[in-house]
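Student: Chains as they are written, first to last, in the working numbering: chain A, 7 to 340; chain B, 6 to 101.
1) Could you work out which residue in B:29, B:36 and B:20 is closest to residue 65 of chain B when comparing CA atoms only?
2) By Cβ distance below 7 angstroms, which residues in the same chain neighbour residue 60 of chain A in space, the five residues on each side in sequence not counted?
3) Report buried or exposed for residue 96 of chain A, applying the criterion of at least 16 other Cβ atoms within 10 angstroms of its Cβ.
4) Classify residue 28 of chain B as buried or exposed, calling it buried when 16 or more other Cβ atoms lie within 10 Å of its own Cβ.
5) For a minimum of 4 consecutive residues, which ranges assigned as the alpha helix (DSSP H) are wholly contained in the region 50-101 of chain A?
6) For residue 201 of chain A, return the contacting residues in chain B, with the cut-off set at a CB-CB distance below 8 angstroms.
7) Note down, in chain order, all residues in the region 15-27 of chain B with a beta-carbon under 7 angstroms from any beta-carbon belonging to chain A.
8) Compare the C-beta of residue 276 of chain A against all C-beta atoms of chain B and say whether one is closer than 9 angstroms.
9) When DSSP builds the beta bridges, which residues end up paired with residue 282 of chain A?
10) Pick from A:303, A:301, A:292 and A:288: whose alpha carbon is nearest that of residue 322 of chain A?
11) Determine the extent of the beta strand (DSSP E) in which residue 8 of chain B is found, giving its start and end residues.
12) To the nearest angstrom, report how far apart residue 71 of chain A and residue 318 of chain A are at their CA atoms.
13) From residue 300 of chain A to residue 233 of chain A, what distance separates their C-alpha atoms?
14) Write down every uninterrupted run of the alpha helix (DSSP H) in the region 190-246 of chain A whose length is 4 residues or greater and which is fully enclosed by it, in chain order.
15) So what does residue 85 of chain B bridge to, in DSSP terms?
16) What's the gap between the Cα of residue 187 of chain A and the Cα of residue 259 of chain A?
17) Could you work out which residues of chain B lie near residue 174 of chain A, taking near to mean beta carbons separated by less than 8 angstroms?
18) If contact is defined by three or more beta carbon pairs under 8 angstroms, each pair taking one atom from either stretch, is the region 76-83 of chain A in contact with the region 49-68 of chain A?
19) Please confirm whether residue 131 of chain A and residue 102 of chain A have their CB atoms less than 9 angstroms apart.
20) For residue 94 of chain B versus residue 52 of chain A, is the C-beta distance shorter than 9 angstroms?
21) So that I know if they touch, is there some Cβ in chain B lying closer than 9 angstroms to that of residue 207 of chain A?
22) Residue 256 of chain A and residue 116 of chain A - do their beta-carbons sit closer together than 9 angstroms?
23) Look at the Cβ atom of residue 312 of chain A, then the Cβ atom of residue 229 of chain A, and state whether they are nearer than 9 angstroms.
24) Out of B:61, B:87, B:53 and B:17, which one is the CA nearest neighbour of residue 8 of chain B?
25) At least one CB of chain B closer than 9 angstroms to the CB of residue 194 of chain A: is that the case?
26) According to DSSP, simplified to helix, strand and coil, what is residue 267 of chain A?
27) Which of the residues in the region 106-130 of chain A, read from start to end, lie with their CB under 8 angstroms from any CB of chain B?
28) Pairs of beta-carbons, one from the region 174-181 of chain A and one from the region 320-340 of chain A, closer than 8 angstroms: are there three or more?
29) Do the region 204-217 of chain A and the region 151-159 of chain A make contact, defined as three or more Cβ pairs closer than 8 angstroms?
30) Excluding sequence positions up to five away, which residues of its chain have a Cβ less than 7 angstroms from the Cβ of residue 10 of chain B?
31) Check the Cβ of residue 142 of chain A against every Cβ in chain B and list those closer than 8 angstroms, keeping chain order.
32) Is residue 148 of chain B close to chain A, meaning its C-beta is less than 9 angstroms from at least one C-beta of that chain?
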């Protein structure tokens, strides 16, 4: 209903039009709120191939599966004809996420990712910072870097909106944000968490603020801020709907999260976490702390990994089959 | 000696890099500078301790910015965390 309906629709069509998506098969029941035909219209405006199967029209599960399989075969044949072509780094859009943060995130992992993002942006690429809750306490630092006063006021607007939603719950947000895990790890307040989080955006100016799932513009290139919740899966899904092709994900306590739509590269600043969860984590930024390695060195390593993944290297999340997906809702189900 | 990182010269807390016990001497690194401090309580790895005395209601500073306020007096060397620092944001529990 209302804004919630528009948000879900734009997220689904954004995912279907993500550069990583080849084609989409929409499976609708037939009578639901988001109508398959409406979604197909949205997807068509982006130009990616799509097909529809309606369970009620097909006549139930086995018939819908048969019809869907036939449609999917057509779409697969279309995709099989595509040729790989080289593209410049300026075509890359990288989503930034943190999950299971601890104090090493603000000291090591996020600064290292920030260094990599600066390299990406220097090469003409773009990046999306998100998780509005995790800007509370640090928003003034980002607003100073806004390209104009409109963008600065947009930053304050989305942070205020999120904070007011939390306050309306009538409790202290602490315990939800920061989470019990963040707190156990040593993060005491949301301000502390946010100040550590924003390092991952590097040093670039903020070009624009995007709503959840809103498409990143073709121009200008650079750093964007998207209004997403701190919940990792919803946040990643929103950035991918906006056009992010790869996600750089920092974690203190560890996270296995992946996505069905994009590779998710993991970075931790906590050397213990890296040892324990090597199966899930690509980069150990913990050496910044344990061996006093320069942040720029790990930043370079992250940027090289980013390019390798863009060129086809599989992330650990993909190898393990992690395909988490969730859409941020702003309304109730009725 | 156990190391701690002070993120910014304006900070009144530092982050311990390993678990520390009451009485431990700590090397506090602020950029290329280092100083020593002594812990006045047990502090888990990656948790904060006070670099100087912090008064009730005084702003706790990390990264050169406010991360909240002390809810009681905090002595230099003491563990600083959810038991003695409160946030100024997202406080739906407070009367407006």
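C-beta atoms are modelled at their ideal positions from N, C-alpha and C, and glycine is treated no differently.
Only a predicted model underlies this, so the values are computations on that prediction, with no experimental measurement involved.
Tutor: Result, derived from the coordinates:
1) To locate residue 65 of chain B, count along the second chain from 1; it is residue 60. When only C-alpha atoms are compared, the closest one is B:20.
2) For this step, residue 60 of chain A is matched to residue 54 along the first chain. Within the same chain, residue 60 of chain A has close Cβ partners 34, 36 and 42.
3) If you number the first chain from 1, residue 96 of chain A lands on position 90. The C-beta of residue 96 of chain A has fewer than 16 other C-beta atoms within 10 Å across all chains shown, which makes the residue exposed.
4) In the second chain, the residue the question calls residue 28 of chain B occupies position 23. Residue environment: residue 28 of chain B is assigned as exposed (fewer than 16 neighbouring CB atoms within 10 Å of its CB, all protein chains considered).
5) Within the region 50-101 of chain A, the alpha helix (DSSP H) runs of at least 4 residues that lie entirely inside it are, in chain order, 61-64 and 67-86.
6) Within the first chain, residue 201 of chain A is the residue found at index 195, counting from 1. Going along chain B in sequence order, the residues near residue 201 of chain A (Cβ under 8 angstroms) are 67, 68, 70 and 72.
7) Shown in chain order are the members of the region 15-27 of chain B whose Cβ falls below 7 angstroms from a Cβ of chain A: 20 and 22.
8) For the purposes of this step, residue 276 of chain A is identified with residue 270 of the first chain, where counting begins at 1. Yes, residue 276 of chain A counts as interfacial toward chain B.
9) In the first chain, the residue the question calls residue 282 of chain A occupies position 276. Per DSSP, none; premise fails for residue 282 of chain A.
10) In the first chain, counting from the first residue as 1, residue 322 of chain A sits at position 316. Cα-wise, what sits closest to residue 322 of chain A is A:288.
11) Your numbering for residue 8 of chain B matches position 3 in the second chain. Segment 7-10, the beta strand (DSSP E) holding residue 8 of chain B.
12) Within the first chain, residue 71 of chain A is the residue found at index 65, counting from 1. Within the first chain, residue 318 of chain A is the residue found at index 312, counting from 1. If you draw a straight line from the Cα of residue 71 of chain A to the Cα of residue 318 of chain A, it comes to about 31 angstroms.
13) Stepping through the first chain from its first residue, residue 300 of chain A is reached at position 294. Stepping through the first chain from its first residue, residue 233 of chain A is reached at position 227. Going by C-alpha positions, residue 300 of chain A is about 32 angstroms away from residue 233 of chain A.
14) Taking only runs of at least 4 residues, the alpha helix (DSSP H) segments lying wholly in the region 190-246 of chain A are 196-203.
15) Sequence index remark: in the second chain, residue 85 of chain B carries index 80 (1-based). Looking at the DSSP assignment, residue 85 of chain B forms a beta bridge with B:53.
16) For the purposes of this step, residue 187 of chain A is taken as the residue at position 181 of the first chain. For the purposes of this step, residue 259 of chain A is taken as the residue at position 253 of the first chain. Taking the straight line from one Cα to the other gives about 8 angstroms.
17) Translated into positions along the first chain, residue 174 of chain A becomes position 168. Near residue 174 of chain A (Cβ distances below 8 angstroms), the residues of chain B are 97.
18) Short answer: they touch.
19) Numbered from 1 along the first chain, position 125 holds the residue referred to as residue 131 of chain A. Numbered from 1 along the first chain, position 96 holds the residue referred to as residue 102 of chain A. No, the pair does not count as a contact, with Cβ atoms beyond the cut-off.
20) For this step, residue 94 of chain B is matched to residue 89 along the second chain. For this step, residue 52 of chain A is matched to residue 46 along the first chain. No, the Cβ-Cβ distance between residue 94 of chain B and residue 52 of chain A is not below 9 angstroms.
21) Counting from one through the first chain, the residue named residue 207 of chain A turns up at place 201. Interface annotation, residue 207 of chain A: not in contact with chain B, CB-CB separation never under 9 angstroms.
22) Here residue 116 of chain A refers to the residue found at position 110 of the first chain. Here residue 256 of chain A refers to the residue found at position 250 of the first chain. A contact, by the Cβ cut-off of 9 angstroms.
23) By 1-based counting over the first chain, the position of residue 312 of chain A is 306. By 1-based counting over the first chain, the position of residue 229 of chain A is 223. No; because the gap between Cβ atoms is not below 9 angstroms, this pair is not in contact.
24) The residue you call residue 8 of chain B lines up with position 3 of the second chain. It is B:53.
25) Here residue 194 of chain A refers to the residue found at position 188 of the first chain. True, the Cβ-Cβ gap to chain B drops below 9 angstroms.
26) Indexing the first chain from 1 puts residue 267 of chain A at position 261. Of the three classes helix, strand and coil, the one that applies to residue 267 of chain A here is coil, per DSSP.
27) Contact annotation: in the region 106-130 of chain A, residues whose CB is within less than 8 angstroms of a CB in chain B are 108, 109, 110, 112 and 113.
28) Between the region 174-181 of chain A and the region 320-340 of chain A there are fewer than three inter-stretch CB-CB distances shorter than 8 angstroms, so the stretches are not counted as touching.
29) Touching, yes.
30) Against the second chain, residue 10 of chain B aligns to sequence position 5. For residue 10 of chain B, the CB contacts under 7 angstroms within the same chain, skipping 5 residues up- and downstream, are 19, 20, 22 and 34 in chain order.
31) Position 136 of the first chain, counting from 1, holds the residue named residue 142 of chain A. Within 8 angstroms Cβ-Cβ: 94 and 95.
32) This structure cannot settle anything about residue 148 of chain B, because the visible part of chain B is limited to 6 through 101.
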